[in-house]
Amino acid sequence: MQFTYSNPTTIFFGQGQIAAIKNAIPADKKVLMIYGGGSIKKNGVYEQVKTALEGYEWLEFSGVEPNPTKETLDKAVQVVKAENIDFILAVGGGSVIDGSKYVAAAATYEGDGWDILTRKHTVTEAVAIGTVLTLPATGSESNCGAVITKAETQDKLAFMTPYVHPQFAVMDPDVMKTLPENQLLNGLVDAWVHTCEQYITKNTGAYVQDAYAEGLLRSLKTLGEQFADRDNDEWRANLMWTANQALNGLIGAGVPQDWATHMLGHEFTALWGVAHARSLAIVQPSLLRNQIEAKREKLEQMGRNVFSLGADCSAEQTIDAIEQFYHQLDVATHFEQYETSKEAAVSAVVQQLDKHGMTALGENGAITLEESEKILNSAIA
Ligand code: NZQ
Ligand code: ZN
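One rule links them: number in my numbering = place in the sequence shown (from 1) + 148.
Quick look at the structure:
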């Protein structure tokens, strides 16, 4: 076990915490509030942020779309440069927060911001960021990652840099009251797969990381079982905190990580616009079955400690239980919405993976294009 861990994001958690922005942004900063398609105008979040920003010099940029595109975000980069913005306040879900991270990093760079995603440019500075989370799912509010799409070429790529780590995250569960059912499900599933990607690998005897990951998975399983009765403060607060802890760097410190489900899933989103979490549920059961030997010990542990399947449970049973968990939430584990044929759909994803260099995925680098093709043949109906 060997790692460096730092999560500098201050969390303001609970009802009414949007007001905390006031003390969290230095008074002399010129702020750009970035948000999405307008949900924050319908649920009072915009008004609360506006009140908290009284006395600041601030501007706003709206219209960041789900699966944020470089094409839209580059317009915000221009605003930051032209207006000498020195603090970005992201108000929204993972898309708005990821998009704001891109804007923060691209605004201090003279070239095309997409160079950050292709690794042509290494980020060495960024405009400071704060976040107000409105959709618990990605953990982006307190991590250093972002996933950006170039619509022109259907590329969806990720970057990570400590320079875009948010200074603070406001997490008021009340903002979730206006989330439609499908977005709540997406949040639950995304957080579940984030935990799995850092847990279902090989056993390295990391007691703390394993136990914490299992605690998060049990919490998400309970929230899934309570889904019909979700309209209460306790349910909302628990989902918001669990999703944050699933991807704030803690459970992944010092342990092998997989992320292959995410890499395959991103291609479904880039090609067919499949919502992020749905893409993960489509890929994961097939991927786990493909990698079952490498993951057998951890899957058995998960069967015992998360699903209570008993001392003698098998890896196969655990994967079945994971798939049942999705089905119980009415989340599909196979993809059927392709335009032409199954063969063409499989081949389209494989070509994208090849183009993006995703040729040795998983904690062992064992998921070659050949294995991905097998996984896709099972995941695509
Ligand atoms: O744009 P608005 O009008 O705000 O509507 C949004 C959007 O349409 C709506 N919404 C958000 N909060 C709401 C609300 N509607 C009603 N009430 C509220 N309180 O929800 C829709 C989806 O929002 P989005 O931000 O796209 O969802 P999510 O948080 O799931 O983010 C998904 C993005 O995050 C990336 C994904 O790839 C995807 O692009 N990820 C980022 C990660 C990270 N930075 O660490 C890791 C993840 O694995 C993921 O890849
Ligand atoms: Zn995810």
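Backbone N, C-alpha and C fix where the C-beta goes; we use that ideal spot for every residue, glycine too.
From a predicted model like this one, the values you see are computed outputs, not experimental measurements.
Linking Tyr250 to Gly397 through their CA atoms gives a straight-line distance of about 19 angstroms.
Contact between the segment 300–319 and the segment 246–266 is present: 3 or more CB-CB pairs across the two stretches fall below 8 angstroms.
When C-alpha distances from Gln374 are compared across Gly363, Val312 and Leu387, the shortest belongs to Leu387. In the DSSP assignment, Leu237 falls within the beta strand (DSSP E) that extends over Phe235 to Gly240.
If you draw a straight line from the Cα of Phe235 to the Cα of His342, it is about 29 angstroms long. Selection Val337, Leu281 and Ala168 evaluated against Gln476 yields Val337 as nearest (Cα-Cα). About 18 angstroms separates the beta carbon of Thr349 from that of Leu368, a gap too long to meet the 8 angstroms contact definition.
Going by DSSP, Tyr183 is part of the beta strand (DSSP E) stretching over Lys178 to Tyr183.
Asn525 and Ile173 have their alpha carbons spaced roughly 50 angstroms apart. Proximity of the segment 307–321 to the segment 164–184 meets the contact definition, three or more beta-carbon pairs being nearer than 8 angstroms.
Between Phe151 and Gly458, the C-beta spacing is not below 8 angstroms. The DSSP-derived three-state label of Glu484 is coil.
DSSP places Leu395 in no alpha helix (DSSP H); its state is neither H nor E. In this structure, Gln500 places its C-beta atom within 8 angstroms of the C-beta atom of Glu415.
Taking a C-beta distance under 8 angstroms as the contact criterion, Pro284 and Thr157 do not qualify as a contact pair.
Assignment of alpha helix (DSSP H) within the segment 441–502, counting only whole runs of 4 or more residues, yields 463–476 in chain order. Distances from the CA of Leu371 to each of Lys177, Phe473, Glu205 and Thr270 were compared; the closest alpha carbon is that of Phe473.
Check the Cα spacing between Phe209 and each of Asn351, Gly184 and Gln405: the tightest is with Gly184. In this structure, ligand 2 has a non-hydrogen atom nearer than 7 angstroms to the beta-carbon of Thr286. In this structure, the beta-carbon distance from Arg444 to Ala480 does not fall below 8 angstroms.
Between the segment 506–523 and the segment 462–471 there are fewer than three C-beta pairs closer than 8 angstroms, too few to call the two in contact. If you look at Met324, you'll find it isn't in any alpha helix (DSSP H); DSSP assigns it neither H nor E. A direct Cα-Cα distance of roughly 20 angstroms separates Glu487 from Ser520. In this structure, DSSP gives Lys268 a state outside helix and strand, which the three-state scheme calls coil. If you draw a straight line from the Cα of Ala442 to the Cα of Ala385, it comes to about 35 angstroms. Under the three-state reduction of DSSP output, Lys298 falls in the strand class. Around the C-beta of Val497, 16 or more other C-beta atoms lie within 10 Å, and the residue is accordingly described as buried. Distance from the Cα of Met324 is smallest, within the candidate group Val275, Glu382 and Ala423, for Glu382. Phe316 is a Cβ neighbour of Gly278, given a cutoff of 8 angstroms. Assignment of beta-bridge partners to Met388 by DSSP yields no partner.
In the structure shown, Lys522 falls within a helical segment according to DSSP collapsed to helix, strand and coil. Between ligand 1 and the CB of Gly397, the shortest heavy atom gap is not smaller than 7 angstroms. When the alpha-carbon of Leu364 is set against those of Ile233, Met450 and Asn291, the nearest one is in Met450. A Cβ-Cβ contact shorter than 8 angstroms links Glu205 with Lys178. Between Ala418 and Thr297, the alpha-carbon positions lie close to 7 angstroms from each other.
The alpha carbon of Gly241 has as its nearest neighbour, out of Glu362, His424 and Asp260, the alpha carbon of His424.
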